[in-house]
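Position one of the sequence shown corresponds to residue 727 (this note's numbering), numbered consecutively onward.
Even for Gly, the Cβ is constructed at its ideal location relative to N, Cα and C.
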Amino acid sequence: MMRMRHRLSGQRAKVSRGSVSWLAAAEHETMSRTERVILWASVLLVGVLSTPALGQELGAVEDRLLIADQLAQYSYRWDGKDAEGFANLFTDDGVLERRINGLLVTGSRVEGRDAIRAYAIKSHEGRLADRQTRHHFSGLVFLELSGDRAVTENMALITHQPYGEPTAQISGSGIYRKIWRRTPGGWRIAERVLHSDRAPQRPR
727 MMRMRHRLSG
737 QRAKVSRGSV
747 SWLAAAEHET
757 MSRTERVILW
767 ASVLLVGVLS
777 TPALGQELGA
787 VEDRLLIADQ
797 LAQYSYRWDG
807 KDAEGFANLF
817 TDDGVLERRI
827 NGLLVTGSRV
837 EGRDAIRAYA
847 IKSHEGRLAD
857 RQTRHHFSGL
867 VFLELSGDRA
877 VTENMALITH
887 QPYGEPTAQI
897 SGSGIYRKIW
907 RRTPGGWRIA
917 ERVLHSDRAP
927 QRPR
């Protein structure tokens, strides 16, 4: 085994310079079958890892992981009443909306990071001040991921638990659709639309 390592270490430099002529010569030396398999597998692996297509695939995987992490931060920062951190998940011109049966809920549209920060502060210090909220996310799917833009959807179950109460109550459910934009600071939310499962009230 030591003999094989010595031989491979002396020959690997030639492979890095694009020359594989030594491989043919090595076949005529007293190499065992196992040594030859390892040698050729190493060469093939180097070739595969250097292909542009694989590099693009690895980049897409990394983008998915980064976006998934940002999505998790969305829940933790909102439910942790971190208005500043929550607002920083959005682009400067980010948008919040809520829709029911495709129709925009009156007063639900918030535009711009500063406005989103103010909305979060008002919510945390007002209607949510006496309770713990939880956004339970599942079923993340990527509808689009190309270049500097991505579109995702995920299911959500939202619970509220007033302080002092033993159990949480379901506040709502729905599907979050987010448009993501790559920025110098990483992936940020350009648009977040909550498609609520709650049906509108019938007109009286």
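Check, Outcome
"Can you name the start and end residues of the beta strand (DSSP E) that Asp808 belongs to?", "No beta strand (DSSP E) holds Asp808; DSSP gives it neither H nor E."
"I'd like to check one pair, Leu883 with Leu797: are the Cβ atoms closer than 8 Å?", "no"
"Considering only the alpha carbon of each residue, which of Ile826, Asn827, Ile842, Ala786 lies closest to Phe812?", "Ile842"
"Could you pull the DSSP bridge partners for Pro888 from this structure?", "Arg857"
"Quick one: using the 10 Å Cβ neighbour count with 16 as the cut-off for buried, is Val836 buried or exposed?", "buried"
"Measuring CB to CB, does His886 end up less than 8 Å from Ser897?", "yes"
"Does the Cβ of Thr936 have 16 or more other Cβ atoms within 10 Å, making it buried, or fewer, making it exposed?", "Any question about residue 936 goes unanswered here, given that the chain covers just 727 to 930."
"Please state the DSSP three-state secondary structure of Ala894.", "coil"
"Quick one: is Asp818 buried, meaning 16 or more other Cβ sit within 10 Å of its Cβ, or exposed?", "exposed"
"Between which residues of its own chain and Asp840 is the CB-CB distance below 8 Å, once the five residues before and five after are set aside?", "Ala813"
"Rounded to a whole number of angstroms, what is the C-alpha to C-alpha distance between Glu879 and Thr760?", "49 Å"
"Just the C-alpha distance for His850 and Asp856, rounded to the nearest angstrom, thanks.", "9 Å"
"Give a yes or no on whether the C-beta atoms belonging to Val877 and Ile847 are separated by under 8 Å.", "no"
"As a quick exercise: from Ser758, Asp808, Ala794, Val919, pick the residue whose alpha carbon is nearest that of Tyr902.", "Val919"
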